[in-house]
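In the numbering used here, the protein residues as written are 349 to 537.
Okay, so here's the structure we're looking at.
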Ligand SMILES: [Zn+2]
C-alpha cells in the first residue's frame, strides 16, 4: 500500500498548502521509512505468504508499526512540523503520519502490535484485506483518484495564464506518479 498512502498526502496538500508536498509524502510513509533500517538490521522482517505477490506478506514490524510507536512518531513529527509550518501544518503532518497506521490496519494480516516490541502479549491487529487483492487495488485507486482531484482543484482554478499551465502539468504529473506507484506495487508485490 504505497499508492494509497500517497493519495492521502495529495488530498491533505490541497487543504494545507503551507506544508510542502514532500513533507506530506514523507509523513505518509514515515513508519515504512523507519522500517527500512530495522529491516536491514534484521530487527524487523517480511515473511511472504501464499506464494508471495501483491500484499501476500506478513510484516514483523513490532517497533515501527505498533499502535503506540505510530502514536509517538506522529506526535514527534507533528511537533516538528508545528514549529516550521504553524499549528495547522503540525496537525496535518501528525494526522498524516498516523493515517499510515490506520490504512495498514485495514490491509495487513493480523501482524500489527499494540505496544512496541509486541510487549504484553496483546493480540496482533490487522483486518487482512490484503487477502482480497482486487478490493485493495480498487481501494487504493479510489484514494489516488480522490487525492489527485483534490490536488488538482487546489492548484488549477486559482492559477492564471502561464501559471495555469504549470498547475495543470503539476497535478497531471501527480496523478501519473500515483498511478505508476500503484501499478509497480501490484506487479512487483
Ligand atoms: Zn506500513
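Idealized CB from N, CA, C, for every residue including glycine.
In this text the structure is predicted, and so the values were computed from the model without any measurement.
Out of the options, point me to the one whose CA is closest to residue i's CA.
i	options	result
residue 418	378, 499, 501	378
residue 387	398, 367, 412, 364	412
residue 454	433, 428, 437, 481	481
residue 365	500, 394, 456, 385	500
residue 534	520, 382, 487	487
residue 294	469, 371, 475, 403	No answer is possible for residue 294: it lies beyond the span of the chain, which begins at 349 and ends at 537.
residue 385	369, 375, 409	409
residue 476	466, 504, 458	458
residue 390	407, 402, 398, 516	407
residue 416	450, 519, 403	450
residue 354	514, 460, 452, 478	452
residue 392	369, 484, 460	460
Take residue i and list the residues in its own chain whose beta-carbon comes closer than 6 Å to its own, dropping the five residues that flank it on each side.
i	result
residue 405	394, 396
residue 367	433, 437, 440
residue 430	438
residue 479	none
Would you grab the beta carbon distance between residue i and residue j for me? Rounded to a whole angstrom, and I think it's under 8 Å.
i	j	result
residue 474	residue 448	Between residue 448 and residue 474 the Cβ distance is about 14 Å, and since that is not below 8 Å, they are no contact.
residue 463	residue 351	Not quite, the Cβ-Cβ distance comes to about 30 Å (not below 8 Å), so this is no contact.
residue 489	residue 528	With 8 Å as the limit, residue 489 and residue 528 do not qualify as a contact, their Cβ atoms being about 13 Å apart.
residue 512	residue 504	7 Å
residue 517	residue 507	That belief does not hold up - the Cβ atoms of residue 517 and residue 507 are roughly 11 Å apart, past 8 Å.
By Cβ distance below 8 Å, which residues in the same chain neighbour residue i in space, the five residues on each side in sequence not counted?
i	result
residue 465	410, 411, 414
residue 381	374
residue 399	none
residue 502	361, 362, 363, 365
Please list, in chain order, all residues of the same chain as residue i whose beta carbon is under 7 Å from its beta carbon, the five residues on each side excluded.
i	result
residue 402	481, 533, 534, 537
> Can we say the stretch 420-427 touches the stretch 440-460, given the rule of at least three CB pairs closer than 8 Å?
Replying inline: Touching, yes.
> Closer than 6 Å from C-beta to any heavy atom of ligand 1: which residues, in chain order?
Replying inline: Listed by position along the chain, the residues with Cβ atoms less than 6 Å from a non-hydrogen atom of ligand 1 are 379, 380, 413, 448, 452.
> Can we say the stretch 488-495 touches the stretch 349-365, given the rule of at least three CB pairs closer than 8 Å?
Replying inline: With a cut-off of 8 Å, the stretch 349-365 and the stretch 488-495 count as touching, because enough Cβ pairs lie within range.
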